[in-house]
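Numbering (this note's numbering), first residue to last: 11 to 208.
Note that beta-carbon positions come from the ideal geometry of N, C-alpha and C, so glycine has one too.
Computed from a predicted model, the values in this text were never measured in an experiment.
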């Protein structure tokens with residue numbers, strides 16, 4: 011906000027993703043986590059997000075240009091893996107960027123030598139009504155627990171992903187309303203009821 015911390019943005023013209031090669035990035039995150047621990051002292055899980063990273067120019071910083079998104083993601087994940095071990099927390103993260111949502115990304119991810127720590131819980135979001143959610147099977151096969159996240163308004167997606175996840179014995183389910191876009195649950199309940207009703 012207000013031009014702060016642009017030095018740690020990957021693309022200062024689109025201040026969305028941070029620069030994983032800048033040590034100050036992790037100083038800022040560590041400070042944020044210190045505050046978070048005061049608010050949630052007994053939290054077992056740490057959801058680090060990490061979806062939709064590629065906004066603006068990505069990669070953009072000279073030290074990151076020429077690297078795959080997967081490489082940058084793995085470099086970044088090492089910080090969170092070390093932090094979570096030290097703090098005795100389990101990481102959750104959205105699944106989409108780590109596999110780059112394309113076949114080559116899945117291929118890279120599931121190569122044994124590249125694979126991140128299997129203690130990370132992958133939160134698989136898919137808002138379409140599909141007959142087969144193949145990425146869940148792939149994550150399970152690779153040794154990960156999976157939480158499935160359904161979409162906002164598609165009841166067919168909610169039904170089919172829930173049944174698929176039950177049959178695959180996923181670790182749990184999550185429903186993504188994204189009401190932070192709409193002013194929180196109280197406002198969304200009246201102005202955007204389809205975000206809530208499922």
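- N- and C-terminal bounds of the alpha helix (DSSP H) containing residue 24: Counted as a single uninterrupted DSSP element, the stretch harbouring residue 24 is not any alpha helix (DSSP H), since DSSP gives it neither H nor E.
* **residue 66 vs residue 35 beta-carbon contact at 8 Å** => No, the pair does not count as a contact, with Cβ atoms beyond the cut-off.
Just the Cα atoms here: how many angstroms apart are residue 81 and residue 104?
Cα-Cα distance, rounded: 17 Å.
ask   = Can you find at least 3 beta carbon pairs, one from the segment 142 to 159 and one from the segment 172 to 185, that sit closer than 8 Å?
value = The answer is yes - the segment 172 to 185 touches the segment 142 to 159, with three or more Cβ pairs under 8 Å.
inquiry  = From the DSSP secondary-structure annotation, give me the bridge partner or partners of residue 57.
reply    = Paired residue(s): 102.
| said: Would residue 58 and residue 28 qualify as a contact pair, given that the criterion is a beta-carbon distance under 8 Å? | reply: In this structure, residue 58 lies away from residue 28, with their beta-carbon atoms at least 8 Å apart.
- By how many angstroms is the C-alpha of residue 32 removed from the C-alpha of residue 102? Cα to Cα, residue 102 sits roughly 23 Å from residue 32.
Next on the checklist: Is the separation between the beta-carbon of residue 205 and that of residue 189 shorter than 8 Å?
Outcome noted: Taking 8 Å as the Cβ cut-off, residue 205 and residue 189 qualify as a contacting pair.
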